[in-house]
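Below: the structure, in C-alpha cells.
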Amino acid sequence: MHDSSSKKVLEVVAQRFPELTSIQSASFEPIFQGFSAVICSETGSGKTEAALLPLFTKLIENPQESIGKTKIIYITPLKALNRDIEERIYWLAEKLGLSVGLRHGDTPPKVRSHLRHNPPNLLITTPESFQALISEEQSLSFLMKVDHIVIDEANELIQSKRGTQLILALARFKTYLARDIQVICLSATVKSGKMVRDFFIGEKGKVIYLESQRKYNISIDTINDYNEVDSLRDKITNHVQGKTIIFVNTRHLSESLSKTLEAEKDDFDVHHSSLSLAKRLEVEKNLKQDKLTVVVATSSLELGMDIGQLDKVIQVGSPRTVETLAQRMGRSGHKIGSTSTGTIIAFNPFDLLESIACTLLLKCKWLEKPSVFIKPLDVLANQIVAHLLVKKTSTKGDLLKLFRSTYPYRELSENEFESVIDFLSHNKQIRASNGIISIGPKAKSYFYANLSTIISLQQYVVRDIVSRRNIGILDGAFVERFCDTNVKIVLGKAAWEIVSIDYGSKTINVRQTSPSNATIPTWSGDTLPVDSYVSQRVVDLLQAKREKIFRSVTLSEQAKQVLLSIPRIRLIHNSITIVPTDISNTTVIISPLGTKGNRALAILVEELLWESGITCRVYSSSMGVAVEGLKIRPENLYDILMSLNTSEVEEVIIKGSSRFGKFTDRFFSVARRFGVDVDSMIERYGARRTHLMLLSTVIAKEGLNEIFTDLLNLQGIKAILSTKRVYLSHDKEMKILAEIFLKSFLTPLAKPDENTDLSDIVKTRIQNKTYFSVCLSCFKYESLIKVRELQEGFKCPICGSRYIGFVAPYSTEIKQALRNLRNNVKPRDKEIEKVQNELVESANLFLDYGRLGIIVLSGYGVGPRTAKNILRLRILDERQLYMEILKAEQEYIRTREFWGG
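Counted the way the working numbering counts, the sequence shown spans residues 836 to 1736.
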C-alpha cells in the first residue's frame, strides 16, 4: 500500500516540480515510518514539502481514517508565512483529495466556527492560536484525532519565550490525547538541529540534515562619512541590480532610507512589522509579481515567504550575526544550489570589520549557537492556568511532573514552582489548597490577555522640555538598551540630553545639548546581538596583514582605504584593554566580548564607579565600552577591575540591572505577563515605587532571568577577571583605535543655535496657552482666553470681581465642578474634585498676583505652591522669570517618577 500511495503523491508532485530535492528524498522514509525528527536544510530547499509529502502519503493510504478529521497541525511563527504556506500546499492537498484550513488571531468568528464543524485534514496555525485551540473544550474536541505536528522555523522559536510556551503546550496536548504524537521540526540552520531536537522532541528524535550547497558572492562597501545616513542614497543607487531587497536592522532606519529613496524610484516600497497587514500583503504581492524592483525591509522579509526570484540583496550596516547574513543573502538566488549575490554597506570602520568577520565566517559555514530560555516563570504561570482551564483541577505533584518533562523546565525546583503558585493564588488566577490546584475567578481573562509572549517594547515619544514639542519617536528596544537619565542621543540631526523617562506615558523628556564624545544615533537600534566569537574574529582582523584580508573578501576601493587607516594592533584574545583618550573625560575599554558581554561590562563598570561615588555615562557596543565622566581616571578604573573578586561580578551586575531606569520597561513587561495591571499601579504609586514593589516578588527573578538570557552575558567577563587579563595601554596605536571606536558612536550633528534664548521659547509656549476662565463670584462670566490676551488688572466684565479661576479647557468635569462650587457641594468624584481645586487655587493666585500669577502657573507641572515660591523671588526681568519657570518644569519632570496618582 505504501508504494502505491507514495507513487500517487509523487505523480502529483511531478506535475509541478521536476523531481524531489535532496532533503525531501532523505526525509521521506523516516517521516513516513513515524519518527519524530528535525529537518535541517537551507532556505529554498523545500523543507515544508519534505515534512508534508510522507504525511500526505500516510493520509491517503487510510482515507477512511482521515475523512472529517484534522490529522496534521502545521505551526508557523509568522502569519505572513501562514499565507504563503497555505498557497503552496493547497494545490497539492486538493490534488490528493485532502483539505487545508487556516487559523490565526485575525481569523473571523464565522471561519473559526466552520473549522470546528468541518475540521480540515491539515490545519495551519500560529503558536498563539494553537495555545487557544487546545485550551478551549470546543476546539480541543476537533483536534483529538491529530497524529502529527509540524513546527516551522523551529530554530527561531527555540530562541524566544514563544518556543518555551509552545513546548509546554505540546506537553499539555499529549496529556489531553493520552498518547504520543509525531513531531517534525523544520530548521533553516544545520547548526541548531541537535538543540531543536532536544528542545521539542528529545534525544530519541532524528536529525535529518543537508549541508548547504549555496554559494555566496558578497562584496563589502562603506559610506564616505561616519554614520551619515543621508550619504547612503548614492551608495545604494550604485549597488541596486535588478530586483533588490535592501535589508536594514531597525524600523527607524528603514523609514529614514525610504524617505531618501522614494523620490528616486517609482517601483519602490518599504516593508516592516509596524506596517498594517494589508500594506505588508500588498508589498509582498507586488514584489512577487515584479511590480516592485526595490524594497527596503527589516527582518519581516527575512524568513521564507515566496517573493519570487531576487537578483540581489543589499545589507545596510553590519548584519551583526552570521545567521542573519545567511538568511538575508539567501533571499537572492533562492533556488537550491544557486549563487546568492549581495553587498554589505558598512557605516564606519568597526562596522566594516564586523561585516568582514561575518562574511568570512559564513564562508567557513560557522553559525551562532542558539540561546534558549531556561525555566521562564512567566510562561510557567501562563501554562499552569491554561492547563487548569481544560482540567479544572490538578495536584501540585502532577503539574510539576508535567512541566519537568519538558527540556526548559527539566530542572525546575519545588521552591520555584511554589513561588509561581503563590503569586497566581494571591492574584486569584488559581486557587490552591492542601496540594490541590483549581481554576480561579481571573483565570480565563488572565490567560487570553497573555496568549502572546512576544516582548512588547512600546514606542516612546521624545519631547523637548523647553518648547514642549514632540521631536520624534524611539523604539522601545533602543530605549531599553541605550536610554537613561543624562544619556545623550541624536534625533533630527541634533544632540539631546535625557532629563527623564516617563514609563507611564511612554515619554522621554530631553533638552538640546552640545554633541558629546559618545552621542548615540537613534537609528543604531542594536536589536541583533553580536556573538563574542564574531568579536574575537574582529581582533584577528585588527592583527592581520591588510593584503591578506583583501585576498579573502571582496572590498570596494573605499572600504580598502578605510581598512588601511585602522592601525594593526596586537590584542590578547579574551582580554580587556583600558585606553585613555585625548577626547576630554572619556576612557575607552576595548573588549571583544560581543554585544551581550559588553553590555554586562558596561553595567559592571557603571555600578562599581557609582559605589565609588563617581557619576558617569557608559555606552557599549560589540567591541567595547566608552566611559564618560569628569572624575574618571583610567588608572582608577584599572585598579577597580583588577581588585574585583570574580564571585562578586554577578551580584554587582544584578544590582545594576535592577536599578530603576536600567531595564525598567522589561520588568514591567514581565509583570504584565504575570497578569499585573502595571499601568494602574504606575498611575497610583508612580513608576519608581511600582518598580520597587515588583522587585520584592517572583517577577524580579523572572525579569533578571529574561535580562540575563536576552541581553547580558557574564561568562566572558568572569573568565577575564578570574585570569586578571585586564590591561592599561598608553600606546599611540591603541589611542588611535580607541578614537576610531568613539567615532563609531557619532553621527553628523547640527550644533545648537547659540543665539537662541531658551527664555524666549518658554515665553512663546506659555503665552500661547489657552485657559477656560470663569468668575467664581457671580458664575455668569465664562470665556476661552490665551495667556497673551490676559491684560493686567483684568476683572469680570459682569460683576467687576477679580476672583477668576483658570483651568484647562474642554474638560468634561468643568460644568459639574462649577455647579458644586456654586452650591457649596463637596465632590465625590476625584477628577471633579481636582478641577474644583484648580479653579479655586488659580483664582486665589490671580487675586494675589494678577496676570503674573497665571503666567507662572502655566509652566508644565507648576502648581500653586511652586508658583508662589517663584513669585516670592527677587525677579529682575522677564527673562529671569521664564528661566525660573523652566527650572521648575525641569525639576517636576525629573522627580515625577517618584509620585503616585
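Ideal Cβ positions, reconstructed from N, Cα and C, are used throughout, including at glycine.
Taking only three categories from DSSP, how would you classify residue i?
i       : result
Leu1406 : coil
Val1487 : helix
Phe852  : coil
Lys1041 : strand
Thr878  : coil
His939  : coil
Pro1415 : strand
Cys1451 : coil
Thr1389 : strand
Tyr1244 : coil
Ser1618 : strand
Cys1193 : helix
Gly869  : coil
Val952  : The question names Val, but residue 952 is His in the sequence shown. The answer is helix: DSSP assigns His952 an H, G or I state.
Phe1502 : helix
Lys1147 : strand
Check for me: the beta strand (DSSP E) holding residue i runs from which residue to which?
i       : result
Trp1331 : 1329–1337
Asn1540 : Careful: Asn1540 lies outside any beta strand (DSSP E), inside the alpha helix (DSSP H) at 1533–1545.
Leu1326 : 1323–1326
Tyr1051 : 1050–1057
Gly1177 : 1174–1181
Gln1035 : The sequence shown places Phe at residue 1035, not Gln. Per DSSP, Phe1035 belongs to no beta strand (DSSP E); it is in the alpha helix (DSSP H), 1028–1035.
Leu1021 : 1017–1022
Leu1530 : Run containing Leu1530: none; DSSP gives neither H nor E here.
Asp1299 : 1295–1299
Gly1307 : 1305–1309
Whole angstroms are fine: how far does the CA of residue j sit from the CA of residue i?
i       : j       : result
Val873  : Asp1102 : 40 Å
Leu1680 : Val1609 : 14 Å
Val1460 : Ile1424 : 5 Å
Glu877  : Ile1274 : 45 Å
Lys996  : Leu1223 : 20 Å
Leu1377 : Arg1155 : 17 Å
Val1697 : Ser1419 : 37 Å
Ser1280 : Ile1407 : 55 Å
Asp1337 : Cys1318 : 12 Å
Tyr963  : Gln973  : Sequence inspection shows Glu at residue 963; the Tyr mentioned does not correspond to that position. The alpha-carbon atoms of Glu963 and Gln973 are separated by roughly 17 Å.
Lys930  : Lys843  : 10 Å
Leu1656 : Val1670 : 11 Å
Leu1187 : Phe1498 : 30 Å
Arg1304 : Ser1618 : 26 Å
Arg947  : Arg1115 : 24 Å
Tell me whether residue i counts as near the ligand FAD, meaning its Cβ is closer than 7 Å to at least one heavy atom of that ligand.
i       : result
Phe1008 : Within the structure as shown, the ligand FAD is missing, as the structure has no ligands at all.
With distances taken Cα to Cα, identify the nearest neighbour of residue i among the options.
i       : options                            : result
Ala1554 : Ser1677, Val1118, Thr1481, His1074 : Thr1481
Leu1653 : Trp1201, Phe1607, Phe1543, Asp1500 : Phe1607
Glu1251 : Ile1209, Asp987, Ile1300           : Ile1209
Glu1627 : Val1018, Phe965, Ile1689           : Ile1689
Leu975  : Lys1226, Arg1524, Ile1271, Leu1259 : Lys1226
Ile1552 : Gln1715, Gly1694, Val1130, Gly1432 : Gly1432
Ala886  : Asn1285, Lys930, Met1458, Ile908   : Ile908
Arg923  : Asp1033, Ile1142, Thr1072          : Ile1142
His1106 : Gln1124, Asp1125, Lys1126, Val1083 : Val1083
Leu1045 : Ser857, Val1453, Leu1309           : Ser857
Glu1724 : Lys1661, Ser1335, Ser860, His1261  : Ser1335
Gly998  : Thr911, Thr1421, Ile1620           : Thr911
Leu950  : Thr961, Asp941, Leu937             : Leu937
Thr1072 : Ile1705, Ser1175, Val1131, Val1042 : Val1131
Can you round the beta-carbon distance between residue i and residue j to whole angstroms, since I take them to be within the 8 Å contact cut?
i       : j       : result
Thr892  : Val981  : Incorrect: roughly 17 Å between the Cβ atoms, too far for contact.
Phe1509 : Ala1216 : 6 Å
Ile1384 : Ile1191 : 7 Å
Thr1364 : Gly1429 : The question names Thr, but residue 1364 is Pro in the sequence shown. With 8 Å as the limit, Pro1364 and Gly1429 qualify as a contact, their Cβ atoms being about 7 Å apart.
Ser1492 : Ile1449 : Not really, about 19 Å apart at Cβ, beyond 8 Å.
Gln994  : Pro1211 : No, Gln994 and Pro1211 are not in contact; Cβ-Cβ is about 12 Å, not under 8 Å.
Pro889  : Phe870  : That belief does not hold up - the Cβ atoms of Pro889 and Phe870 are roughly 10 Å apart, past 8 Å.
Leu1021 : Val985  : 7 Å
Ala989  : Val1031 : 5 Å
Ends of the alpha helix (DSSP H) at residue i?
i       : result
Ile1720 : 1713–1730
Gly1429 : 1429–1446
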